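Colleague: The end of the sequence shown is residue 608 by our numbering, with every number in the run present.
Cβ atoms here follow ideal geometry from the backbone N, Cα and C, with glycine treated the same way.
Since the model is a prediction, treat every value here as computed from it, not as a measurement.
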Amino acid sequence: MMKQQFHKPLFLFKLLGFCLLFLLMHRLLFLFMFHDQFNDVSFLDYVKAFLIGSLTDAIASIYFLLPMWLILLFGNVENKIIKYISLTFFSIGFFAICILNLSDLGYYPITKKRMGAELLDILPEVPALISSYLMDYWYLLILLLFFFSACFYLFKKEIFNYKNNPESIKVKLINYIIVILSFLCIARGGIKEKPFIPFDIPVIVNPTLQWLASNMPFQFLHTIQNKNVQIETYFKQEEAEKIIAFQKQFVSKEFKKKNILFIILESFCSERIGLLSPQMNGYTPFMDSLLSNARTYKYGMANGRMTIDALPSVLSSIPSFMDKNYCYSNYSNNNVHGISSLLEKEGYSTAFFYGGVKTTFGFESFTNINFTKQYFDQRDYDSNYENEGWGVDDHLFLPFVASKLKTMPQPFCTSLLTLSLHHPFPIPEPYKTLLDSIKDPIRKSVKYTDLSLQLFFSKIKNEPWFKNSIIAICADHNSSGLGFYECNPVNEFSIPVSFYSYGDTSFNKMQDHSISQIDMYPTVLDYLGYNKPFVSMGSSSLSANNHLTIKYVGNGLFHLFDYPYALEFDNTSKKTTKFWMFNDKRSIKEMVINESNKQKVNELTDLVKAYIQVFSYRINKNQF
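(1) If you draw a straight line from the C-alpha of residue 552 to the C-alpha of residue 477, how long is it?
(2) Note down the Cα distance separating residue 179 from residue 206, rounded to an integer number of angstroms.
(3) Quick check on the DSSP output: what are the complete beta strand (DSSP E) runs of length 3 or more inside the region 163 to 242, in order along the chain?
(4) Looking only at C-alpha atoms, which of 11, 455 and 146 sits nearest to residue 509?
(5) Could you tell me which residues DSSP puts in a beta bridge with residue 568?
(6) Whose CA, out of 523, 522 and 565, lies closest to the CA of residue 474?
(7) Rounded to whole angstroms, how far is the Cβ of residue 196 from the Cβ of residue 14, which I believe are closer than 8 Å?
(8) According to the neighbour-count rule (16 or more other Cβ atoms, all chains shown, within 10 Å of its Cβ), is residue 397 buried or exposed?
(9) According to DSSP, is residue 285 part of a helix, a strand, or is it coil?
(10) By the three-class DSSP mapping on this structure, what secondary structure does residue 392 have?
(11) Secondary structure at residue 3, three-state DSSP: helix, strand or coil?
(12) Less than 8 Å between the beta carbons of residue 547 and residue 498, yes or no?
(13) Would you decide whether residue 442 is buried or exposed? Buried here means 16 or more other CB atoms lie within 10 Å of its CB.
(14) If you compare alpha carbons, which of 216, 219, 218 and 184 is closest to residue 203?
(15) Counting along the chain, where does the beta strand (DSSP E) carrying residue 24 start and finish?
(16) Could you please give the first and the last residue of the uninterrupted alpha helix (DSSP H) stretch that includes residue 612?
(17) Quick check on residue 544: does DSSP put it in helix, strand or coil?
(18) Could you give the C-beta distance for residue 378 and residue 404, rounded to a whole number, given that I count them as a contact under 8 Å?
(19) By Cβ distance below 6 Å, which residues in the same chain neighbour residue 141 in space, the five residues on each side in sequence not counted?
(20) Can you tell me whether residue 400 is helix, strand or coil according to DSSP?
(21) When the distance is taken between beta carbons, is residue 249 closer than 8 Å to residue 402?
(22) Roughly how many angstroms separate the alpha carbons of residue 122 and residue 518, rounded to a whole number?
(23) Of the residues 419, 386, 311 and 364, which one's Cα is nearest the Cα of residue 182?
(24) Distance check for residue 19 and residue 3, CA to CA, integer angstroms please.
(25) Going by C-alpha distance, which of 327, 12, 344 and 43 is nearest residue 174?
(26) Measuring only the C-alpha atoms, how far is residue 479 from residue 283?
(27) Does DSSP put residue 607 in a helix, in a strand, or in coil?
(28) Nearest-angstrom Cα distance between residue -15 and residue 137?
(29) Determine the burial state of residue 591: buried for a count of at least 16 other Cβ atoms within 10 Å of its Cβ, exposed for fewer.
(30) Taking the beta strand (DSSP E) that residue 292 falls in, what are its first and last residues?
(31) Quick check on DSSP: helix, strand or coil for residue 576?
(32) Out of 382, 389, 300 and 143, state which residue places its alpha-carbon closest to the alpha-carbon of residue 340.
(33) Can you find at least 3 beta carbon pairs, one from the region 282 to 296 and one from the region 531 to 538, that sit closer than 8 Å?
(34) For the 8 Å Cβ check, are there 3 or more pairs between the region 47 to 54 and the region 19 to 29?
(35) I think residue 614 touches residue 606, with their Cβ atoms under 8 Å apart; what is that distance to the nearest whole Å?
(36) Should the region 353 to 365 be regarded as contacting the region 309 to 324, the criterion being three or more beta carbon pairs within less than 8 Å?
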């Protein structure tokens, strides 16, 4: 009786099962072809990858075969016209799935990722590539025809053998609800607040297996709305990479395996620090003292406008050169060779600390891809913790971080992201009473953050690891709100950037030149004496002949700084539009481009073009 009542839902679920069965064969083929790239992976990791792979297959099947599902659900399947129409839509949708999946097997070895919406960019080239592709991958055509034909046979058999069961209006309504809710749940990737997206995969499965768990139709569905970065060709690629010294190798006799701690301060921009902004004297006494005894830069700059821009910049030297945040772009699942992945090979243990929820803005996914082994968040501190802000208050979470650092195997490379200096600027007890005299909520939050950092350093300064460490400090982005300065190209991205190393007297002088977030990890590696080759968009501030910073401000406009010069380049019109000179953050003078400065303008313009080209090429080719 039960089977008769739910005849239609069982029929549709059976058809979906056929799809998953044949897409499982696609995944097994992918594993067979590229198994040698999945090293140090456990059997349980493979099980997770295939389970998540079944989910991505189901999502793709729902979307690509949606017309067929709707026709079979609401139509009279015994009607021959309905049978043939539904079979037609199946043929179109499933053939597209097979083509995308199997053609991707030829694309993956080149970019080491599943193809997404970038397929649209190469469509004009497809006719010219088909003949050579088929010569190299002729067996994939045979497999395509086999997979499609076998599944077509089963679908046709089920559809043409289908017999309606007499159903009351009530039963029909229940069946409609069951199928719609079930398929809707599958299409979203489960019952949760946000739909399942490609960037969620590295959180669940071993990042090494993320492409085994995905598929091209799934990638395509979730990247179609995002624009890809257009590859620029201002120079020969080798020349462009040479101009910016993209390939790096420091000359060193000894690699000093010091502990590393990156401290990324939420919204703690230059305007909110007394040392860098005199109007804030008295609000940041600890930070003023710390930065005075560190290698601090007068012109530190963020590479983006949000926290999710800071992590790729600081930890992987990937700047925000596109309108979409990297972590939400078509490239979010790209392989990343950041500082964690480099130093892990040198015996470093790695960890990331954040007082909020680890899934915020894709932080966990990015750190996993960067091969950061441990991630401590609000739930590790207290799974039941609640406050009125974004997570655990800094004065509570930072001592927790200190306790974890104490137990980490050395040497370690760790990162800490604070969160309290953020709207709505909550001040927890007992600090509310202590800071009651400060009326401005931002100044009050600045003071609270400074006190929390002082507490943190009081916990770590006597630890053995502290005296054998380098601490790299910056803000995640500029969040000017105190109104001290008129916004200009120099100060609108202005943040503190500083390096502290206990007992190193060479690290206690203010630096006049500029530095940005993408320069931080090359600078740390240079300081340690890391002597193996690596790639980075940034440069070490310790050994670079020039000290350039470049940022993308939006609408195709890039700003490059080479003290005392600054330049604006429009990548849409492909020309330099503005040229400035500056002596500090508060005064910048626009200059007329003429014969006296043309040579300098051309020199800086070539640098901007080289940065743009290398970024656009490397991010599309998955070669960071």
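Modeller: Quick answer:
(1) 14 Å
(2) 10 Å
(3) none
(4) 455
(5) 571
(6) 565
(7) 6 Å
(8) buried
(9) strand
(10) coil
(11) helix
(12) yes
(13) exposed
(14) 184
(15) Taken as a continuous stretch (DSSP letters only), residue 24 belongs to no beta strand (DSSP E), as it is neither H nor E.
(16) Examination of residue 612 is not possible in this model, given that the chain is present from -15 through 608 alone.
(17) strand
(18) 4 Å
(19) none
(20) strand
(21) yes
(22) 37 Å
(23) 311
(24) 24 Å
(25) 43
(26) 8 Å
(27) coil
(28) Low local confidence applies: a pLDDT of 47 at residue -15 is under 50, so the model's placement there is unreliable, and no value is given.
(29) buried
(30) Where residue 292 is concerned, there is no enclosing beta strand (DSSP E), although the alpha helix (DSSP H) it sits in stretches over 291 to 300.
(31) coil
(32) 382
(33) yes
(34) no
(35) With the chain covering -15 to 608 only, the question about residue 614 has no answer from this structure.
(36) yes
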